[in-house]
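Participant:
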Amino acid sequence: MNFFLKIFFTFTPFLLFSQSKKEIGSIFIESLFINRNIDKSYDLFDSSITNELPINELRATEQQIKEQLGSFKRVIEINKENNIYYYYSEFEKSKLDIQISFNEDNKIIGLFFIPHKIFENTNADNNSLNIKSNDIELKGTFLEPLQNNQKKLVIFFHGSGPQDRDETIGENKPLKDIAEYLFSSGIASYRFDKRTLTNPETFDNNSTVEEEVINDAVNVINYFNENYKDYEIILIGHSLGGYLLPKIFKKNNNISKLIFLAANARPVQEVIVDQFIYINKINPSSVSNESVESIKKQVNYLNSKKFNSNSDNSALPFNLSAKYWEYLINYNPLTLLKSINIPMLFLQGGKTIR
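The working numbering puts the first residue of the sequence shown at 504, with every later residue one more than the last.
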């Protein structure tokens, strides 16, 4: 299960109406990461939200970002999509987008730290395909071979976090690479931007992986079942996407094969702790001892009898809600797998020891 630091909260700030959304976002970033004027950044949030979001939480976020990514260096470029602005930013150790959402009154209603999203002229992209899924349109890329078409269609499902259709991590685009290789072999594919990337406002404290992944997955499969009936449909799930494939299959079993890429069988929270310990061991500047102890404390609480449906987000891994974690705690993919009678392929990465 791979992940980027996620901040799943929405809020509304006070802003100066004389300034544009773009300028307000730049002021927010400058105040938070360059001047470290937490009060000024905090003042940009709507007062009705600051009552629920203590300033110490914003201060902790700035410290955690610096701890994991190093010092902020610069904004490389700014992109816009409706009322969402993407500030492609360079830190000492990595580059990512600081995604800031605004309402019509020029008030911030969302803040995310996500993999860089590449903006292209979608009107010129003959492979673009948007699929309706409940309250939104999923934006994706459909590659269909014109020659040597094997009449096989692969649908990709991402790992955890607000991932784009290529599952971009730094300069790497693994899902895009796989899709293009399949295309060259006469196999069609569809990959799409995750709703937590394009429509973060649809994910809140009442959301679980049903809303984050499963519902959209089923709607995409339904679309191709209805419109490409002569195609054999194959699902590829990476990490969290693979972990949830058994559940997705149970909701739509008109599938020929399942492929699991680095999908965990153990509970998610156990994998998280192991990841933190491993990264700390090989690169302590990326994940500190304090971060390891903090995630251990949160997971211990999650696994204890103290955890309940009213537990505060701040006590839980990645600040995700109790409802979100309750769903995962009660989910057992191995039980579902035993009743699935189609071909399945499980692939795990290895490490060469020299």
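No residue lacks a Cβ here, since even glycine has one placed at the ideal position from N, Cα and C. Please read these numbers as outputs of a predicted model, since none were measured by experiment.
Please tell me whether Gly-528 and Tyr-591 are closer than 9 Å, where the distance is taken between their beta carbons.
Facilitator: For Gly-528 and Tyr-591, no; Cβs fall outside 9 Å.
Participant: Excluding the 5 residues preceding and the 5 following Ile-858 in the sequence, name in chain order all residues of the same chain whose CB lies nearer than 8 Å to its CB.
Facilitator: Absent from the model: residue 858. The displayed extent of the chain is 504 to 857, so no value can be given.
Participant: In three-state DSSP terms, what is Phe-727?
Facilitator: The answer is helix: DSSP assigns Phe-727 an H, G or I state.
Participant: Alpha carbon to alpha carbon, how far is Ala-818 from Asn-792?
Facilitator: Near 18 Å, if we compare the C-alpha coordinates of Asn-792 and Ala-818.
Participant: DSSP on Lys-841, reduced to helix/strand/coil?
Facilitator: Lys-841 falls in the coil class under three-state DSSP.
Participant: Taking the alpha-carbon positions, what's the Lys-754 to Leu-747 distance?
Facilitator: Between Lys-754 and Leu-747, the C-alpha separation is close to 11 Å.
Participant: Would Leu-656 be called buried (16 or more neighbouring beta carbons within 10 Å of its own) or exposed?
Facilitator: So Leu-656 counts as buried.
Participant: What are the uninterrupted segments assigned as alpha helix (DSSP H) that are 4 or more residues long and contained completely in the stretch 738 to 819, given in chain order?
Facilitator: Complete alpha helix (DSSP H) runs here, min 4: 743 to 746, 748 to 754, 771 to 785 and 792 to 806.
Participant: Name the two residues that bound the continuous beta strand (DSSP E) containing Gly-853.
Facilitator: That residue, Gly-853, is in no beta strand (DSSP E); it is neither H nor E in DSSP.
Participant: Flag this pair as yes or no: are the beta carbons of Thr-711 and Tyr-804 separated by less than 9 Å?
Facilitator: Contact: no.
Participant: Considering just the uninterrupted stretch of the alpha helix (DSSP H) at Ser-544, what are its terminal residues?
Facilitator: From DSSP, the alpha helix (DSSP H) with Ser-544 extends over 541 to 546.
Participant: Under the assumption that Lys-610 contacts His-661 (Cβ atoms under 8 Å), give the Cβ distance between them as a whole number of angstroms.
Facilitator: With 8 Å as the limit, Lys-610 and His-661 do not qualify as a contact, their Cβ atoms being about 30 Å apart.
Participant: Starting from Asn-606, trace the beta strand (DSSP E) in both directions and tell me its first and last residue.
Facilitator: Asn-606 -> no beta strand (DSSP E), and no H or E assigned at all.
Participant: For Tyr-684, name the three-state secondary structure that DSSP assigns.
Facilitator: Of the three classes helix, strand and coil, the one that applies to Tyr-684 here is helix, per DSSP.
Participant: Count the other C-beta atoms from every protein chain shown that fall within 10 angstroms of the C-beta of Ser-788, then say buried if there are 16 or more, exposed otherwise.
Facilitator: So Ser-788 counts as exposed.
Participant: What separation, rounded to the nearest whole angstrom, lies between the Cα atoms of Ser-842 and Ala-825?
Facilitator: Approximately 29 Å, taken between the alpha carbons.
Participant: Which residues in the same chain as Asn-851 place their Cβ atom closer than 8 Å to its Cβ, once the five residues preceding and following it in sequence are excluded?
Facilitator: Note on residue identity: the sequence assigns Gln, not Asn, to residue 851. Excluding residues within five positions, the ones whose Cβ falls inside 8 Å are Ala-765.
Participant: With H, G and I counted as helix, E and B as strand and the rest as coil, what does DSSP make of Ala-627?
Facilitator: Per-residue confidence for Ala-627 stands at a pLDDT of 35, beneath the threshold of 50, marking its modelled position as unreliable; no derived number is given.
Participant: Assess contact between the stretch 567 to 587 and the stretch 643 to 656, defined as three or more Cβ pairs (one per stretch) separated by less than 8 Å. Is contact present?
Facilitator: Not touching, per the Cβ criterion.
Participant: Indicate the three-state DSSP secondary structure (helix, strand or coil) for Asp-719 in the structure shown.
Facilitator: The answer is helix: DSSP assigns Asp-719 an H, G or I state.
Participant: Below 8 Å, can you find three or more Cβ-Cβ pairs linking the stretch 603 to 622 to the stretch 686 to 703?
Facilitator: Verdict: yes, contact present.
Participant: Report buried or exposed for Leu-535, applying the criterion of at least 16 other Cβ atoms within 10 angstroms of its Cβ.
Facilitator: Per the 10 Å Cβ criterion, buried.
Participant: According to DSSP, is Thr-671 part of a helix, a strand, or is it coil?
Facilitator: Thr-671 falls in the coil class under three-state DSSP.
Participant: Roughly how many angstroms separate the alpha carbons of Leu-561 and Ser-597, rounded to a whole number?
Facilitator: Spanning the two alpha carbons is a distance of roughly 21 Å.
Participant: Could you check how far apart the C-beta atoms of Gln-862 and Val-802 are, in whole angstroms? I think they sit under 8 Å.
Facilitator: A query on residue 862 cannot be resolved here, the shown segment of the chain reaching from 504 to 857 and no further.
Participant: Taking buried to mean at least 16 other C-beta atoms within 10 Å of its own C-beta, is Gln-653 buried or exposed?
Facilitator: Flag for Gln-653 reads exposed.
Participant: Apply the 10 Å Cβ neighbour rule to Ser-692 and answer buried if 16 or more other Cβ atoms are within range, or exposed otherwise.
Facilitator: With 16 or more other Cβ atoms within 10 Å, it is buried.
Participant: Looking at the secondary structure, which residues open and close the alpha helix (DSSP H) in which Gly-643 lies?
Facilitator: First-last for Gly-643: 639 to 646, but that is the beta strand (DSSP E), not the alpha helix (DSSP H).
Participant: Using CA coordinates, which residue listed in Thr-838, Leu-837 and Phe-695 is at the minimum distance from Gly-643?
Facilitator: Among Thr-838, Leu-837 and Phe-695, the Cα nearest to that of Gly-643 is on Phe-695.
Participant: For Phe-727 versus Met-847, is the C-beta spacing smaller than 9 Å?
Facilitator: Against a cut-off of 9 Å, the Cβ pair of Met-847 and Phe-727 comes out as no contact.
Participant: Using the rule of at least 16 other Cβ atoms within 10 Å of the residue's Cβ for burial, across every protein chain shown, is Gly-853 buried or exposed?
Facilitator: Classification for Gly-853: exposed.
Participant: Mark Lys-600 as exposed unless 16 or more other C-beta atoms lie within 10 angstroms of its C-beta, in which case mark it buried.
Facilitator: Reading the sequence as shown, one finds Asp at residue 600 and not Lys. The residue in question, Asp-600, is buried, as its Cβ has 16 or more Cβ neighbours within 10 Å.
Participant: Could you check if Ala-768 is buried or exposed, using at least 16 other CB atoms within 10 Å of its CB as the buried criterion?
Facilitator: By the 10 Å Cβ count, Ala-768 comes out exposed.
Participant: For the candidate residues Glu-729, Phe-605 and Glu-570, whose alpha-carbon lies nearest to that of Phe-531?
Facilitator: Comparing Cα positions, the closest option is Phe-605.
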